[in-house]
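1433 is the number of the first residue of the sequence shown in our numbering; add one for each residue after it. Working notes, beginning with the structure itself.
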Amino acid sequence: MDTKVESLVKMFGENALTDIETNIEPLIKKYFNAEWDAVYQQEFFTKHYELIRGYRKKLDELTGNALNTKEKIIAALSFCWKEANFNKSEATIFYSKMELFHRLVNEMLKNEWTPKQQEHFNTVAVIFRDYHNYFLSYTNHLSQAINQAYKIIYEAILNKEDYSGEDFSKRNLLAKAFHRFLHLKNIRKGFFDLDSIRLAQGIDDKVTANASKSIAFIQLISMASFEYNEPNWSYIEYLTYTKARDVFKQQNDHRSGFSPLLFMFSQKRMHYRLNR
1433 MDTKVESLVK MFGENALTDI ETNIEPLIKK YFNAEWDAVY QQEFFTKHYE LIRGYRKKLD
1493 ELTGNALNTK EKIIAALSFC WKEANFNKSE ATIFYSKMEL FHRLVNEMLK NEWTPKQQEH
1553 FNTVAVIFRD YHNYFLSYTN HLSQAINQAY KIIYEAILNK EDYSGEDFSK RNLLAKAFHR
1613 FLHLKNIRKG FFDLDSIRLA QGIDDKVTAN ASKSIAFIQL ISMASFEYNE PNWSYIEYLT
1673 YTKARDVFKQ QNDHRSGFSP LLFMFSQKRM HYRLNR
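Structure follows, in structure tokens:
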């Protein structure tokens, strides 16, 4: 982060918003060692001032009734998750915004929280920023049988415009319905590849990378998922996720608690929930 932007974050973190708005000139002198007229028209200032000010105002609103530092951290992390969940910005822009917010929280609470609380906030905030809320794993193999058995589910969730007759025979509409259901429940920022994940076909680096960087791993399993006469990509995705979790466990990392959620669907109208 640019040193001038860091100074701006520091100013908003160490001073009350009312003091900044009513007495900004001496604060500019203190944090930038320059006069107000020499600072306020610079690109870094015009680009970041209102954004950081907005974050400070939001933090004041979120933490105003907090009884202790723990409640302030919870409120700040809740905001981080919501920003990530509903983000529509390009990735680099979103990353930059969240970096400013994380730094601001660190400046505001640096004299309040313990090292353990600071570590917790920084770890979880980065997870919310960089990770998918979920990775939805499935296969299109034998999809017609699954679609026939669970027609009542996807017809209740999807619109008729969301699929065609060809989709019925070639695509797992149950998986698409799961994805839509999660969005309807405002659980977004998930990884769902509608076309690329198929048994016996190659799986690219993008898919494996996303499997290892997801908070939840949701897998829809059918009998096709247990076929071993050809590359089993459903199983590879599962292993990718669990191996990443095992590494975190060795490091005593928060992410070691991430756990797969598996649903098994038969060609008949029966399903089971499996937990590892």
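Using N, Cα and C, we set each Cβ at its ideal position, and we do this for glycine too. Since the model is a prediction, treat every value here as computed from it, not as a measurement.
Where residue i sits in the DSSP three-state scheme
| i | result |
| --- | --- |
| SER1654 | coil |
| HIS1534 | helix |
| PHE1624 | coil |
DSSP beta-bridge partners of residue i
| i | result |
| --- | --- |
| PHE1518 | The partner list for PHE1518 (beta bridge, DSSP) is empty, contrary to what the question assumes. |
| SER1644 | Answer by DSSP bridge pairing: none, since SER1644 is not bridged. |
| PHE1553 | PHE1553 is not bridged to any residue. |
Check whether residue i and residue j have beta carbons under 8 Å apart
| i | j | result |
| --- | --- | --- |
| ILE1650 | ASN1565 | no |
| LEU1536 | TYR1487 | yes |
| TYR1472 | LEU1440 | no |
| LEU1652 | TYR1595 | no |
| MET1530 | CYS1512 | yes |
| ALA1516 | ALA1507 | no |
| GLU1551 | THR1501 | no |
Boundaries (first-last residue) of the alpha helix (DSSP H) holding residue i
| i | result |
| --- | --- |
| SER1575 | 1575-1581 |
| GLY1776 | Because the chain spans 1433 through 1708 in this model, residue 1776 falls outside it and cannot be assessed. |
| LEU1616 | 1605-1616 |
| TRP1545 | Unbroken run through TRP1545: none, as it is neither H nor E. |
| SER1601 | 1597-1602 |
Residue i: first and last residue of the uninterrupted beta strand (DSSP E) it sits in
| i | result |
| --- | --- |
| TYR1566 | 1564-1569 |
Buried or exposed by the 16-neighbour rule on C-beta atoms within 10 Å, applied to residue i
| i | result |
| --- | --- |
| GLY1445 | buried |
| SER1521 | exposed |
| GLU1593 | exposed |
| MET1433 | exposed |
| ALA1466 | exposed |
| THR1524 | exposed |
| GLY1413 | For the chain, the structure presents residues 1433 to 1708; residue 1413 sits outside this window and is missing. |
| LYS1489 | exposed |
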